[in-house]
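The block underneath contains the structure these notes are about, expressed in structure tokens.
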Amino acid sequence: MEKPDILKILNDELLTAYRKINALKDEVWQLQDQLQDRDEFIKMAVEKEKEKEKEKEKEKEKEKEKRKEIETETEKENEIQALTEKVEQLENQLKEKDVVIAKEVKKRRARLRAYLDCLAELTDCQAKVKLMEARLHQEPPQPDTGCSSEVEVEKEKEKEKEKEKEKEKEKEKEKEKEKEKEKEKEKRRRRRRRRRKRRRSTRRRTRTRRRRNL
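Quick note: the sequence shown, position 182, residue 182 per UniProt numbering, numbers continuous.
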């Protein structure tokens with residue numbers, strides 16, 4: 001009677017051992033499945049991180065390109081400012097030269113007028129001398145009645161009037177030239193104002209672009 005009891009006990013122990021082994025196998029399979037799931041999850045997470053890193057690199061490249069564009073725009077603005085400053089300097093130099101040239105022209109015109117006046121007086125004197133010589137050689141001396149002197153005085157007055165008219169015409173021409181110069185100055189001022197407005201508009205555009213990019 002003792003042997004069968006021992007066998008039963010051993011069989012029961014074997015059965016419990018088999019059951020434990022099967023339970024452990026099931027746990028092992030479950031753990032393996034969990035590990036596989038975790039590996040796949042880790043792989044997915046790693047892939048997502050890689051994608052995020054790629055996106056970050058792309059964003060960095062875009063930021064670099066934007067910075068380069070801003071730098072190129074600032075360089076262009078600096079070049080434009082330098083060119084505008086040079087243009088303004090050249091315009092100022094041209095204005096100074098125009099003033100000097102106008103003064104020289106006035107001086108030369110005054111000299112020319114004086115020369116022409118002297119030449120006219122010289123021709124008048126020469127004509128008078130020729131008339132006097134012709135009268136001396138051709139006509140006998142006559143009593144001086146004063147008529148010839150009055151005629152000469154009238155002629156001189158007419159010549160003086162003609163000279164005054166010429167001077168008035170020259171003054172009118174000078175006034176017209178001054179008006180033309182004022183018109184040119186006004187045109188230059190308008191051009192400068194337009195350029196300044198363009199510069200301000202370009203600066204505002206660049207500022208708005210930078211703010212949008214930021």
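Heads up, the beta-carbon is just placed ideally off N, CA and C, and yes, glycines get one too.
Self-check item: Entirely enclosed alpha helix (DSSP H) segments - the segment 24-108, minimum 4 residues
Solution: Here no run is fully enclosed.
Quiz item: Under 8 Å, do THR123 and ARG195 count as touching if we go by C-beta distance?
Solution: Locating residue 123 in the sequence shown gives position 123, counting from the first residue. Locating residue 195 in the sequence shown gives position 195, counting from the first residue. No Cβ-Cβ contact shorter than 8 Å links THR123 with ARG195.
Exercise. Would you mind stating whether GLU91 and ARG188 have Cβ atoms separated by less than 8 Å?
Key: Locating residue 91 in the sequence shown gives position 91, counting from the first residue. Locating residue 188 in the sequence shown gives position 188, counting from the first residue. Closer than 8 Å, so yes.
Exercise. Kindly give me the distance between the Cβ atoms of GLU55 and THR206, rounded to whole angstroms, as I take these residues to be in contact under 8 Å.
Key: Locating residue 55 in the sequence shown gives position 55, where the first residue counts as 1. Locating residue 206 in the sequence shown gives position 206, where the first residue counts as 1. That pair is no contact at about 28 Å.
Practice problem: Enumerate in chain order the residues of its own chain whose CB-to-CB distance from ASP117 is below 8 Å, with the five nearest sequence positions on each side excluded. | Solution: The sequence position of residue 117 within the sequence shown is 117, counting from 1. These residues qualify, in order along the chain: LYS163.
Quiz item: Smallest Cα separation from ARG113: which of ILE6, LYS97, GLU168?
Solution: Walking along the sequence shown from the start, residue 113 turns up at place 113. Among ILE6, LYS97, GLU168, the Cα nearest to that of ARG113 is on GLU168.
Quiz item: Which residue from GLU104, LYS43, ASP39, GLU121 puts its Cα closest to that of LYS159?
Solution: Taking the first residue of the sequence shown as position 1, residue 159 is located at position 159. Checked all of GLU104, LYS43, ASP39, GLU121; the closest Cα to LYS159 is GLU121.
Self-check item: Separation of THR208 from ARG108, as counted between CA atoms
Solution: Taking the sequence shown and counting its residues from 1, the one referred to as residue 108 is at position 108. Taking the sequence shown and counting its residues from 1, the one referred to as residue 208 is at position 208. ARG108 and THR208 have their C-alpha atoms some 56 Å from each other.
Exercise. Look at ILE70 and ARG210 and say whether their C-beta atoms are less than 8 Å apart.
Key: Locating residue 70 in the sequence shown gives position 70, where the first residue counts as 1. Locating residue 210 in the sequence shown gives position 210, where the first residue counts as 1. In this structure, ARG210 lies closer than 8 Å to ILE70 by Cβ.
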